[in-house]
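Take a look at the structure below.
In our numbering, the protein residues as written are 917 to 1005.
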(Lines of atoms letter the chains of each structure in order from A and count residues from 1; the text may use other names and numbers.)
(Lines give C-alpha, C1' and ligand atoms only; values in the text may rest on other atoms or scores of the structure.)
Protein backbone atom coordinates (compact mmCIF):
# COMPACT_ATOMS: atom_id res chain seq x y z
CA UNK A 1 0.00 0.00 0.00
CA UNK A 2 1.33 3.41 -0.92
CA UNK A 3 0.73 6.38 1.35
CA UNK A 4 1.30 9.93 0.17
CA UNK A 5 3.11 12.52 2.31
CA UNK A 6 -0.10 14.08 3.60
CA UNK A 7 -1.50 10.73 4.68
CA UNK A 8 1.78 9.83 6.38
CA UNK A 9 1.84 13.17 8.18
CA UNK A 10 -1.74 12.51 9.28
CA UNK A 11 -0.71 9.10 10.63
CA UNK A 12 1.96 10.77 12.75
CA UNK A 13 -0.49 13.44 13.93
CA UNK A 14 -2.99 10.72 14.81
CA UNK A 15 -0.31 8.82 16.71
CA UNK A 16 0.42 11.92 18.80
CA UNK A 17 -3.28 12.57 19.37
CA UNK A 18 -3.93 8.99 20.49
CA UNK A 19 -0.94 8.95 22.85
CA UNK A 20 -1.92 12.28 24.38
CA UNK A 21 -5.69 11.70 24.71
CA UNK A 22 -5.90 7.92 24.90
CA UNK A 23 -6.05 5.63 27.88
CA UNK A 24 -2.87 3.66 28.50
CA UNK A 25 -3.16 -0.07 29.04
CA UNK A 26 -0.58 -2.84 28.59
CA UNK A 27 2.00 -0.47 27.11
CA UNK A 28 -0.32 1.00 24.44
CA UNK A 29 -2.69 3.94 24.26
CA UNK A 30 -6.21 3.54 22.94
CA UNK A 31 -8.48 6.26 21.63
CA UNK A 32 -11.50 5.88 19.34
CA UNK A 33 -10.81 2.12 18.93
CA UNK A 34 -7.29 2.79 17.59
CA UNK A 35 -4.25 1.66 19.55
CA UNK A 36 -0.88 3.43 19.42
CA UNK A 37 2.33 2.00 20.78
CA UNK A 38 6.08 2.35 20.32
CA UNK A 39 9.26 0.51 21.15
CA UNK A 40 11.51 1.48 24.07
CA UNK A 41 13.30 4.29 22.24
CA UNK A 42 10.41 5.57 20.11
CA UNK A 43 12.08 4.80 16.78
CA UNK A 44 9.37 2.34 15.79
CA UNK A 45 5.70 3.16 16.27
CA UNK A 46 2.57 1.13 15.60
CA UNK A 47 -1.04 2.03 14.97
CA UNK A 48 -3.50 -0.84 15.14
CA UNK A 49 -7.18 -1.09 14.34
CA UNK A 50 -8.95 -4.45 14.05
CA UNK A 51 -6.87 -6.57 11.60
CA UNK A 52 -4.72 -3.60 10.47
CA UNK A 53 -1.27 -2.80 11.84
CA UNK A 54 0.74 0.11 10.52
CA UNK A 55 4.42 0.23 11.41
CA UNK A 56 6.01 3.69 11.22
CA UNK A 57 9.80 3.81 11.30
CA UNK A 58 11.98 6.75 12.37
CA UNK A 59 13.36 7.83 8.99
CA UNK A 60 10.09 7.55 7.11
CA UNK A 61 9.56 3.96 5.98
CA UNK A 62 6.26 2.35 6.89
CA UNK A 63 4.54 -0.99 6.51
CA UNK A 64 0.87 -1.94 6.34
CA UNK A 65 -0.28 -5.39 7.44
CA UNK A 66 -3.97 -6.16 7.05
CA UNK A 67 -6.39 -8.84 5.95
CA UNK A 68 -9.39 -6.81 4.83
CA UNK A 69 -9.12 -3.75 2.55
CA UNK A 70 -12.35 -2.43 4.06
CA UNK A 71 -10.58 -2.13 7.43
CA UNK A 72 -7.99 0.16 5.85
CA UNK A 73 -10.71 2.39 4.37
CA UNK A 74 -12.56 2.60 7.70
CA UNK A 75 -9.29 3.31 9.52
CA UNK A 76 -8.41 6.28 7.29
CA UNK A 77 -11.94 7.67 7.71
CA UNK A 78 -11.55 7.40 11.50
CA UNK A 79 -8.15 9.13 11.35
CA UNK A 80 -9.56 11.95 9.22
CA UNK A 81 -12.46 12.44 11.64
CA UNK A 82 -10.13 12.47 14.66
CA UNK A 83 -7.93 15.12 13.08
CA UNK A 84 -10.89 17.28 11.97
CA UNK A 85 -12.42 17.06 15.46
CA UNK A 86 -9.04 18.00 16.99
CA UNK A 87 -8.76 21.02 14.70
CA UNK A 88 -12.26 22.15 15.68
CA UNK A 89 -11.58 22.11 19.43
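Using N, Cα and C, we set each Cβ at its ideal position, and we do this for glycine too.
Spanning the alpha carbons of residue 953 and residue 1000 requires a straight line of approximately 22 Å. Take residue 923, set aside five residues on each side of it, and no residue of its chain has a beta-carbon closer than 6 Å to its own. Scanning 985, 972 and 967 for the CA closest to the CA of residue 930 turns up 972. Judged by DSSP in its simplified three-state form, residue 967 adopts coil rather than helix or strand. Note on residue 933: 16 or more other CB atoms within 10 angstroms of its CB, so buried under the neighbour-count rule.
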